[in-house]
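So for the sequence shown, the working numbering puts the first residue at 14; every next one is plus one.
All C-beta atoms, glycine included, are put in the ideal place defined by N, C-alpha and C.
Right, one structure below, let's go through it.
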Amino acid sequence: MKPFVDLKSQYLTIKEEILEALEGVLESSQYILGKNVKAFEEEVKNYLDVKEAVAVASGTDALHLALKALGIGKGDEVVTTPFTFFATIEAILYVGATPVFVDIDGETYNINPDLIEEKITSNTKAVLAVHIFGAPADMIKIKTVADKYGIYLVEDAAQAFGAMIGGRKVGSIGDVGCFSFYPSKNLGCFGDGGMVVTNNSEIAEKIRILRNHGSRGGYIHETVGFNSRLDEIQASILRVKLKYIDKYNELRRKKAALYNQYLSGKVITPKEKEGSYHVYHLYSIRSPLRDKIRDLLKVQGIPSVVYYPLPMHLQKAISFLGYKEGDFPVAEQVSKEILSLPIYPEIPEEEVFYISQCILKCLENF
Ligand SMILES: Cc1ncc(COP(=O)(O)O)c(C=O)c1O
Numbered sequence: 014m015k016p017f018v019d020l021k022s023q024y025l026t027i028k029e030e031i032l033e034a035l036e037g038v039l040e041s042s043q044y045i046l047g048k049n050v051k052a053f054e055e056e057v058k059n060y061l062d063v064k065e066a067v068a069v070a071s072g073t074d075a076l077h078l079a080l081k082a083l084g085i086g087k088g089d090e091v092v093t094t095p096f097t098f099f100a101t102i103e104a105i106l107y108v109g110a111t112p113v114f115v116d117i118d119g120e121t122y123n124i125n126p127d128l129i130e131e132k133i134t135s136n137t138k139a140v141l142a143v144h145i146f147g148a149p150a151d152m153i154k155i156k157t158v159a160d161k162y163g164i165y166l167v168e169d170a171a172q173a174f175g176a177m178i179g180g181r182k183v184g185s186i187g188d189v190g191c192f193s194f195y196p197s198k199n200l201g202c203f204g205d206g207g208m209v210v211t212n213n214s215e216i217a218e219k220i221r222i223l224r225n226h227g228s229r230g231g232y233i234h235e236t237v238g239f240n241s242r243l244d245e246i247q248a249s250i251l252r253v254k255l256k257y258i259d260k261y262n263e264l265r266r267k268k269a270a271l272y273n274q275y276l277s278g279k280v281i282t283p284k285e286k287e288g289s290y291h292v293y294h295l296y297s298i299r300s301p302l303r304d305k306i307r308d309l310l311k312v313q314g315i316p317s318v319v320y321y322p323l324p325m326h327l328q329k330a331i332s333f334l335g336y337k338e339g340d341f342p343v344a345e346q347v348s349k350e351i352l353s354l355p356i357y358p359e360i361p362e363e364e365v366f367y368i369s370q371c372i373l374k375c376l377e378n379f
């Protein structure tokens, strides 16, 4: 079976630049908080048009440290989506706060902005919006609600580097934006990595201290922090890849448009809402015949993945929150029907055609 995301095909297109970047780090022998991390932070600031960028060890840490820096903790509630990767929820729990779920929009699979207000209480400190699959959440409506109640807006943009809504890049719209550079992410390194961005210098400074054992350096510790630094090797790789991110996102969009052309009307294809720029970190279709499609693709040697088979509110790990089946019908339905097909910038167009034909053939039998 082919890999779901062929990371090697991208590596080969930039191999020389990557090897040169790696050699530069090895020659400098400076591996932690050196010039590549600093330069990468500057480059991301410019790219996203934000005042501050702090590189950390993973997307999970970006979320965790962001919530901690905002002073969110025990007794606080964070309103979020049940249709995400578990790390979004873990971060809320790490700081001692309680996740409060809101059902999703059936078209973008992101938090339904019209349902947020009814979940806000005197304990609500933040809305944590996720841009799932690379599709921007409705930040305009969500920000209006957050501003009305004077609560923080945090963006989990782990799957959406370069995505835009209303002409602004996601991650730069809320109080804090969090990114993951996990290898298969649309901007991915060769290990773990993450970043927090914000226009608030005070928050950025807190995160800078938190990522480095609560210290500004010199073995003086202001607070109990963490070891959560992006390393120089990963930063040097990300600096090479950042130069190509617009091209990569455009290629993803081109391949997504091809899938749409072949599959629309036969399955539910992803929606790009007006005024938004979807980066298709994942290309996910929906069909009541999801499992049959998946089985047939497997027989043909085509990988596909169910992101995500069980919404967060039904996960055993957080059963103590007391949610039950039926609480968020849209998220539950989507989890039963969703299927992500192979997509990456370098996927050959013939492969998109072939995968689509296999799906159409499968559907002919029902
Ligand atoms: C939506 C979302 N949030 C958070 C994360 C966590 O990122 P990381 O794996 O870099 O810790 C991921 C990715 O894994 C993700 O997809």
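- Between the alpha carbons of I250 and I85 lies a gap of roughly 33 Å.
- Nearest C-alpha to F341 among L323, F333 and K329: L323.
- Secondary structure note for K132: it is in no alpha helix (DSSP H), with a DSSP letter that is neither H nor E.
- The C-alpha of K48 lies about 8 Å from the C-alpha of E245.
- In the DSSP assignment, M325 falls outside any alpha helix (DSSP H) and carries neither an H nor an E.
- Counted as a single uninterrupted DSSP element, the alpha helix (DSSP H) harbouring I216 occupies residues S214 to L223.
- Classified as buried, V143 has 16 or more neighbouring CB atoms from the shown chains inside 10 Å of its CB.
- A Cβ-Cβ distance of about 22 Å is found for the pair V292 and N212, leaving them out of contact under the 8 Å criterion.
- As a beta-bridge residue in DSSP terms, F114 pairs with T93.
- The C-alpha of L276 lies about 45 Å from the C-alpha of V38.
- Residue nearest to L128 within the set V210, R252, S300 and D118 is D118 (criterion: CA-CA distance).
- The three-state secondary structure of K267, taken from DSSP, is helix.
- Distances from the CB of D169 to the heavy atoms of ligand 1 include at least one below 8 Å.
- Distances from the CB of I250 to the heavy atoms of ligand 1 are all 8 Å or more.
- Contact annotation: F194 and V209 have beta-carbon atoms that are not nearer than 9 Å.
- Rounded to the nearest whole angstrom, the C-alpha separation of Y165 and L46 is 29 Å.
- Short note on V253: C-beta not closer than 8 Å to any heavy atom of ligand 1.
- About 16 Å separates the beta carbon of G206 from that of L223, a gap too long to meet the 8 Å contact definition.
- Nearest to P16 by C-alpha distance, out of D116, L78, F379 and P316, is P316.
- Under the DSSP assignment, S193 falls in the beta strand (DSSP E) whose first and last residues are V189 to S193.
- C-alpha of V183 to C-alpha of G147: approximately 10 Å in a straight line.
- The region 327-338 makes no contact with the region 169-177; the number of CB pairs closer than 8 Å stays below 3.
- Distances from the CB of I145 to the heavy atoms of ligand 1 include at least one below 8 Å.
- Taking 9 Å as the cut-off, the beta carbon of V312 is found no closer than this to the beta carbon of L352.
- Under the DSSP assignment, E33 falls in the alpha helix (DSSP H) whose first and last residues are K28 to S41.
- Here Q23 is buried. Its C-beta has 16 or more other C-beta atoms within 10 Å.
- The beta carbon of E131 sits closer than 8 Å to no other beta carbon from its chain once the five residues preceding and following it are set aside.
- Within the same chain, and ignoring the five residues on either side of P358 in sequence, the residues whose Cβ sits closer than 7 Å to its Cβ are Q23, Y261, L264 and R265.
- Minimum Cα-Cα distance from G314 among the listed residues A269, L354, R242 and I233 corresponds to L354.
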